[in-house]
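Notes follow the structure.
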Amino acid sequence: MNVFYAGKNETTSVYLQKGLSANIVTVNSAQFSQEADLESEATYDLSLEKFSGEANIFRLKVINLPQQISYEFIDPQTQARLSQIKFTEGITNMQLSLKLYLPKNADEQVVIDKSIEFYCLALDDEQSSQVNELLSSGQSVGPKEIDSLKAGNVKLELIPRGVGKIEVLALSLYHEIKVGENVNMEVRVKNAGTRRLDNIRIYTDLPLNWRSEIKPDLIASLDQGKEEIVAIDFIPYEDISVGDFEP
0 MNVFYAGKNE
10 TTSVYLQKGL
20 SANIVTVNSA
30 QFSQEADLES
40 EATYDLSLEK
50 FSGEANIFRL
60 KVINLPQQIS
70 YEFIDPQTQA
80 RLSQIKFTEG
90 ITNMQLSLKL
100 YLPKNADEQV
110 VIDKSIEFYC
120 LALDDEQSSQ
130 VNELLSSGQS
140 VGPKEIDSLK
150 AGNVKLELIP
160 RGVGKIEVLA
170 LSLYHEIKVG
180 ENVNMEVRVK
190 NAGTRRLDNI
200 RIYTDLPLNW
210 RSEIKPDLIA
220 SLDQGKEEIV
230 AIDFIPYEDI
240 SVGDFEP
(Lines of atoms letter the chains of each structure in order from A and count residues from 1; the text may use other names and numbers.)
(Lines give C-alpha, C1' and ligand atoms only; values in the text may rest on other atoms or scores of the structure.)
Protein backbone atom coordinates (compact mmCIF):
# COMPACT_ATOMS: atom_id res chain seq x y z
CA MET A 1 0.00 0.00 0.00
CA ASN A 2 1.45 3.37 -1.04
CA VAL A 3 0.72 6.55 0.97
CA PHE A 4 1.76 10.10 -0.04
CA TYR A 5 1.98 12.40 3.00
CA ALA A 6 3.86 15.62 3.68
CA GLY A 7 5.68 15.39 0.38
CA LYS A 8 6.87 11.85 1.00
CA ASN A 9 5.86 8.44 -0.34
CA GLU A 10 5.60 5.62 2.16
CA THR A 11 5.07 2.01 1.08
CA THR A 12 3.66 -0.52 3.52
CA SER A 13 3.16 -4.21 2.81
CA VAL A 14 -0.24 -5.63 3.77
CA TYR A 15 -0.50 -9.41 4.10
CA LEU A 16 -3.86 -11.08 3.51
CA GLN A 17 -4.69 -14.33 5.24
CA LYS A 18 -6.78 -16.85 3.34
CA GLY A 19 -10.13 -17.40 4.99
CA LEU A 20 -11.92 -20.70 5.40
CA SER A 21 -14.22 -19.95 2.47
CA ALA A 22 -11.19 -19.93 0.16
CA ASN A 23 -10.95 -23.72 0.37
CA ILE A 24 -14.40 -24.53 -0.98
CA VAL A 25 -16.14 -24.74 -4.29
CA THR A 26 -19.15 -22.50 -4.77
CA VAL A 27 -22.05 -24.12 -6.60
CA ASN A 28 -24.78 -22.18 -8.40
CA SER A 29 -27.64 -22.99 -10.75
CA ALA A 30 -29.77 -20.60 -12.78
CA GLN A 31 -32.57 -23.20 -12.99
CA PHE A 32 -32.78 -23.87 -9.25
CA SER A 33 -36.52 -24.67 -9.43
CA GLN A 34 -37.94 -26.94 -12.13
CA GLU A 35 -41.08 -28.86 -13.01
CA ALA A 36 -40.95 -32.30 -14.61
CA ASP A 37 -43.50 -34.95 -15.54
CA LEU A 38 -43.38 -38.37 -13.94
CA GLU A 39 -41.32 -40.88 -15.96
CA SER A 40 -39.30 -38.02 -17.46
CA GLU A 41 -36.06 -36.16 -16.76
CA ALA A 42 -35.06 -32.83 -15.24
CA THR A 43 -31.67 -31.25 -15.92
CA TYR A 44 -30.00 -28.54 -13.82
CA ASP A 45 -27.03 -26.64 -15.25
CA LEU A 46 -24.44 -26.17 -12.51
CA SER A 47 -21.67 -23.59 -12.33
CA LEU A 48 -18.79 -24.41 -9.98
CA GLU A 49 -16.00 -22.03 -8.98
CA LYS A 50 -12.99 -22.92 -6.84
CA PHE A 51 -11.19 -20.39 -4.70
CA SER A 52 -7.50 -20.71 -3.89
CA GLY A 53 -6.75 -23.52 -1.50
CA GLU A 54 -5.01 -26.84 -1.10
CA ALA A 55 -7.90 -29.12 -2.03
CA ASN A 56 -8.45 -29.61 -5.75
CA ILE A 57 -10.52 -32.81 -5.82
CA PHE A 58 -14.16 -32.63 -4.73
CA ARG A 59 -16.82 -35.32 -4.49
CA LEU A 60 -20.26 -34.60 -5.93
CA LYS A 61 -23.31 -35.58 -3.93
CA VAL A 62 -27.06 -34.97 -3.76
CA ILE A 63 -28.93 -35.29 -0.46
CA ASN A 64 -32.59 -35.11 0.63
CA LEU A 65 -33.77 -36.50 -2.70
CA PRO A 66 -36.30 -39.38 -2.50
CA GLN A 67 -34.66 -42.70 -3.35
CA GLN A 68 -37.19 -43.26 -6.16
CA ILE A 69 -35.55 -40.38 -8.03
CA SER A 70 -32.15 -41.36 -9.38
CA TYR A 71 -29.55 -38.84 -10.48
CA GLU A 72 -26.20 -38.44 -12.20
CA PHE A 73 -23.67 -35.68 -12.79
CA ILE A 74 -22.62 -35.22 -16.41
CA ASP A 75 -19.89 -33.29 -18.17
CA PRO A 76 -21.90 -31.39 -20.84
CA GLN A 77 -18.97 -31.43 -23.27
CA THR A 78 -18.00 -35.12 -23.13
CA GLN A 79 -21.28 -36.54 -21.71
CA ALA A 80 -19.15 -38.46 -19.20
CA ARG A 81 -20.75 -39.42 -15.90
CA LEU A 82 -18.95 -37.98 -12.90
CA SER A 83 -18.81 -38.73 -9.19
CA GLN A 84 -16.00 -36.27 -8.43
CA ILE A 85 -14.22 -33.38 -10.11
CA LYS A 86 -10.63 -32.17 -10.18
CA PHE A 87 -9.53 -28.60 -10.71
CA THR A 88 -6.23 -28.76 -12.56
CA GLU A 89 -3.66 -25.95 -12.45
CA GLY A 90 -5.04 -22.72 -13.85
CA ILE A 91 -8.65 -23.96 -13.89
CA THR A 92 -11.00 -22.34 -11.38
CA ASN A 93 -14.39 -22.66 -13.12
CA MET A 94 -16.32 -25.69 -14.30
CA GLN A 95 -19.74 -26.33 -15.85
CA LEU A 96 -21.68 -29.52 -15.05
CA SER A 97 -25.18 -30.88 -15.51
CA LEU A 98 -27.22 -32.64 -12.84
CA LYS A 99 -29.81 -34.93 -14.39
CA LEU A 100 -32.73 -36.37 -12.38
CA TYR A 101 -34.85 -39.33 -13.46
CA LEU A 102 -38.40 -39.33 -12.12
CA PRO A 103 -40.28 -42.58 -11.38
CA LYS A 104 -43.32 -43.76 -13.30
CA ASN A 105 -45.73 -43.48 -10.38
CA ALA A 106 -46.28 -41.07 -7.52
CA ASP A 107 -46.15 -42.23 -3.89
CA GLU A 108 -45.85 -40.82 -0.36
CA GLN A 109 -42.45 -39.25 -1.07
CA VAL A 110 -42.99 -38.21 -4.67
CA VAL A 111 -46.30 -36.37 -4.61
CA ILE A 112 -47.85 -34.74 -7.66
CA ASP A 113 -47.61 -30.91 -7.57
CA LYS A 114 -45.70 -30.94 -4.24
CA SER A 115 -42.21 -29.44 -4.32
CA ILE A 116 -39.17 -31.49 -3.31
CA GLU A 117 -36.24 -29.51 -1.89
CA PHE A 118 -32.76 -31.03 -1.99
CA TYR A 119 -29.10 -30.04 -1.97
CA CYS A 120 -26.26 -30.49 -4.42
CA LEU A 121 -22.86 -30.60 -2.67
CA ALA A 122 -19.19 -30.38 -3.66
CA LEU A 123 -17.17 -31.95 -0.83
CA ASP A 124 -13.55 -32.51 0.07
CA ASP A 125 -12.60 -35.75 1.84
CA GLU A 126 -13.30 -34.47 5.36
CA GLN A 127 -16.65 -32.93 4.42
CA SER A 128 -17.65 -36.09 2.56
CA SER A 129 -16.97 -38.15 5.69
CA GLN A 130 -19.11 -35.79 7.77
CA VAL A 131 -22.02 -36.10 5.33
CA ASN A 132 -21.76 -39.89 5.34
CA GLU A 133 -21.86 -39.90 9.14
CA LEU A 134 -24.98 -37.72 9.15
CA LEU A 135 -26.74 -39.92 6.61
CA SER A 136 -25.77 -43.19 8.30
CA SER A 137 -27.04 -41.93 11.67
CA GLY A 138 -30.47 -41.31 10.17
CA GLN A 139 -30.43 -37.62 11.09
CA SER A 140 -32.28 -35.16 8.93
CA VAL A 141 -29.96 -32.90 6.99
CA GLY A 142 -31.33 -29.36 7.02
CA PRO A 143 -29.94 -25.86 6.44
CA LYS A 144 -28.18 -25.87 9.83
CA GLU A 145 -26.30 -29.08 9.08
CA ILE A 146 -25.46 -27.89 5.57
CA ASP A 147 -24.02 -24.61 6.89
CA SER A 148 -21.94 -26.47 9.48
CA LEU A 149 -20.19 -28.41 6.72
CA LYS A 150 -18.69 -25.23 5.26
CA ALA A 151 -18.93 -26.96 1.89
CA GLY A 152 -19.99 -25.78 -1.52
CA ASN A 153 -23.72 -26.30 -1.93
CA VAL A 154 -26.79 -25.12 -3.76
CA LYS A 155 -30.41 -25.66 -2.77
CA LEU A 156 -32.57 -26.96 -5.62
CA GLU A 157 -36.27 -27.64 -6.05
CA LEU A 158 -38.21 -30.14 -8.13
CA ILE A 159 -41.99 -30.16 -8.64
CA PRO A 160 -43.31 -33.47 -10.04
CA ARG A 161 -46.15 -33.14 -12.50
CA GLY A 162 -48.52 -35.76 -13.84
CA VAL A 163 -49.65 -36.31 -17.41
CA GLY A 164 -53.21 -37.21 -18.32
CA LYS A 165 -53.67 -40.00 -20.83
CA ILE A 166 -56.93 -41.72 -21.79
CA GLU A 167 -57.23 -45.15 -23.37
CA VAL A 168 -60.53 -46.30 -24.87
CA LEU A 169 -60.81 -50.07 -25.29
CA ALA A 170 -63.57 -52.12 -26.93
CA LEU A 171 -63.88 -55.91 -27.20
CA SER A 172 -65.26 -55.68 -30.71
CA LEU A 173 -65.22 -52.93 -33.30
CA TYR A 174 -67.52 -54.72 -35.77
CA HIS A 175 -71.23 -55.38 -35.24
CA GLU A 176 -73.97 -56.79 -37.47
CA ILE A 177 -77.62 -55.87 -36.86
CA LYS A 178 -80.93 -56.33 -38.59
CA VAL A 179 -83.16 -53.49 -39.74
CA GLY A 180 -84.93 -52.00 -36.72
CA GLU A 181 -82.21 -53.07 -34.24
CA ASN A 182 -79.69 -50.95 -32.37
CA VAL A 183 -75.98 -51.51 -31.84
CA ASN A 184 -75.26 -52.12 -28.16
CA MET A 185 -71.64 -52.10 -27.05
CA GLU A 186 -69.43 -51.42 -24.07
CA VAL A 187 -66.14 -49.55 -24.01
CA ARG A 188 -63.62 -49.28 -21.22
CA VAL A 189 -62.27 -45.82 -20.50
CA LYS A 190 -58.92 -46.17 -18.72
CA ASN A 191 -56.65 -43.58 -17.14
CA ALA A 192 -53.26 -44.62 -18.52
CA GLY A 193 -51.56 -41.40 -17.43
CA THR A 194 -49.75 -40.38 -14.26
CA ARG A 195 -52.34 -38.20 -12.56
CA ARG A 196 -56.06 -38.24 -11.75
CA LEU A 197 -58.42 -37.17 -14.52
CA ASP A 198 -61.55 -35.15 -13.81
CA ASN A 199 -64.74 -34.47 -15.80
CA ILE A 200 -64.19 -36.89 -18.68
CA ARG A 201 -66.93 -36.29 -21.25
CA ILE A 202 -67.83 -39.09 -23.69
CA TYR A 203 -68.86 -38.16 -27.24
CA THR A 204 -69.67 -40.12 -30.40
CA ASP A 205 -69.05 -39.18 -34.02
CA LEU A 206 -72.06 -40.59 -35.87
CA PRO A 207 -73.11 -41.20 -39.47
CA LEU A 208 -75.74 -38.83 -40.83
CA ASN A 209 -79.11 -39.04 -39.00
CA TRP A 210 -77.91 -41.63 -36.46
CA ARG A 211 -78.35 -41.08 -32.72
CA SER A 212 -76.55 -42.43 -29.68
CA GLU A 213 -77.19 -42.93 -25.99
CA ILE A 214 -74.20 -42.99 -23.64
CA LYS A 215 -74.30 -44.13 -20.01
CA PRO A 216 -72.55 -42.50 -18.29
CA ASP A 217 -71.66 -39.66 -20.64
CA LEU A 218 -69.64 -37.93 -17.91
CA ILE A 219 -67.05 -39.56 -15.63
CA ALA A 220 -66.54 -37.26 -12.65
CA SER A 221 -63.04 -38.52 -11.82
CA LEU A 222 -60.76 -41.40 -12.73
CA ASP A 223 -57.67 -42.23 -10.68
CA GLN A 224 -54.41 -43.36 -12.22
CA GLY A 225 -54.65 -46.92 -13.54
CA LYS A 226 -58.43 -47.13 -12.99
CA GLU A 227 -61.06 -47.70 -15.65
CA GLU A 228 -64.79 -47.14 -16.13
CA ILE A 229 -67.20 -49.14 -18.29
CA VAL A 230 -69.34 -47.02 -20.59
CA ALA A 231 -72.42 -48.43 -22.37
CA ILE A 232 -73.17 -46.98 -25.81
CA ASP A 233 -76.26 -47.57 -27.95
CA PHE A 234 -76.02 -46.59 -31.61
CA ILE A 235 -79.52 -45.94 -32.96
CA PRO A 236 -80.00 -45.87 -36.75
CA TYR A 237 -82.69 -43.78 -38.40
CA GLU A 238 -85.94 -45.34 -39.63
CA ASP A 239 -86.06 -46.97 -43.05
CA ILE A 240 -82.28 -47.29 -43.11
CA SER A 241 -80.99 -49.26 -46.06
CA VAL A 242 -78.70 -52.26 -45.84
CA GLY A 243 -75.02 -51.33 -45.93
CA ASP A 244 -71.86 -50.61 -43.98
CA PHE A 245 -71.78 -47.67 -41.57
CA GLU A 246 -68.84 -46.39 -39.58
CA PRO A 247 -69.60 -44.30 -36.50
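Okay, so the sequence shown: first residue is 0 according to numbering that gives the first Met the number 0, each after it adds one.
Each residue gets a CB set at the ideal place from its N, CA and C atoms; glycine is no exception.
Which same chain residues end up closer than 8 Å to Gln138 when comparing Cβ atoms and leaving out the 5 residues on each side of it in sequence?
Within the same chain, Gln138 has close Cβ partners Glu144.
Could you tell me if Asp204 is buried or exposed, where buried requires 16 or more neighbouring beta carbons within 10 angstroms of its beta carbon?
So Asp204 counts as exposed.
Measure the beta-carbon distance from Val140 to Leu168 and round it to whole angstroms, keeping in mind my assumption that it falls under 8 Å.
Contact doesn't hold; Cβ gap of about 47 Å is too wide.
Just to confirm the assignment, what range does the beta strand (DSSP E) spanning Asp232 have?
Per DSSP, Asp232 belongs to the beta strand (DSSP E) from 226 to 234.
Return yes when the Cβ of Val153 is within less than 9 Å of the Cβ of Leu64, no when it is not.
No. Outside cutoff.
Classify Asn190 as buried or exposed, calling it buried when 16 or more other Cβ atoms lie within 10 Å of its own Cβ.
Buried is the call here.
Under the DSSP definition of a beta bridge, which residues are partnered with Phe57?
Phe57 is bridged to Ile84.
For Arg194, count neighbouring Cβ atoms within 10 angstroms of its own Cβ and tell me buried if that reaches 16, exposed if not.
It counts as buried.
What did DSSP end up calling Ser96 once you bin it into helix, strand or coil?
It is a strand residue.
Do you know how far the Cα of Glu180 is from the Cα of Glu237?
Straight-line Cα distance between these residues: approximately 10 Å.
Count the other CB atoms, across all protein chains shown, that sit within 10 Å of the CB of Asp123; report buried if there are 16 or more and exposed otherwise.
The residue is buried, with at least 16 neighbouring Cβ atoms inside 10 Å.
For Asn1, list the residues DSSP reports as bridge partners.
According to DSSP, which records beta bridges pairwise, Asn1 is partnered with Thr10.
What residue from Gly161, Met184, Ile228 has the CA that sits closest to Ala105's CA?
Checked all of Gly161, Met184, Ile228; the closest Cα to Ala105 is Gly161.
Ignoring anything shorter than 4 residues or poking outside the stretch 121 to 202, list the alpha helix (DSSP H) runs there in chain order.
Taking only runs of at least 4 residues, the alpha helix (DSSP H) segments lying wholly in the stretch 121 to 202 are 124 to 135, 142 to 148.
For Gln223, which option in Gly163, Asp216, Val182 has the closest C-alpha, if you only look at C-alpha atoms?
Checking every option, the nearest Cα to that of Gln223 belongs to Gly163.
Excluding sequence positions up to five away, which residues of its chain have a Cβ less than 8 Å from the Cβ of Pro102?
Around Pro102: Leu37, Glu38, Gln67, Ile68, Val109.
Alpha carbon to alpha carbon, what distance is there between Val24 and Thr91?
Each residue's alpha carbon lies about 9 Å from the other.
Taking the DSSP output, what are the residues bridged to Asn27?
For Asn27, which the question treats as bridged, DSSP gives the partners Ser46.
In terms of residues, what are the limits of the beta strand (DSSP E) holding Leu221?
Looking at the DSSP string, the run of the beta strand (DSSP E) that includes Leu221 is 217 to 221.
For the beta strand (DSSP E) containing Ala79, name the first residue and the last one.
Element bounds for Ala79: n/a, residue is neither H nor E.
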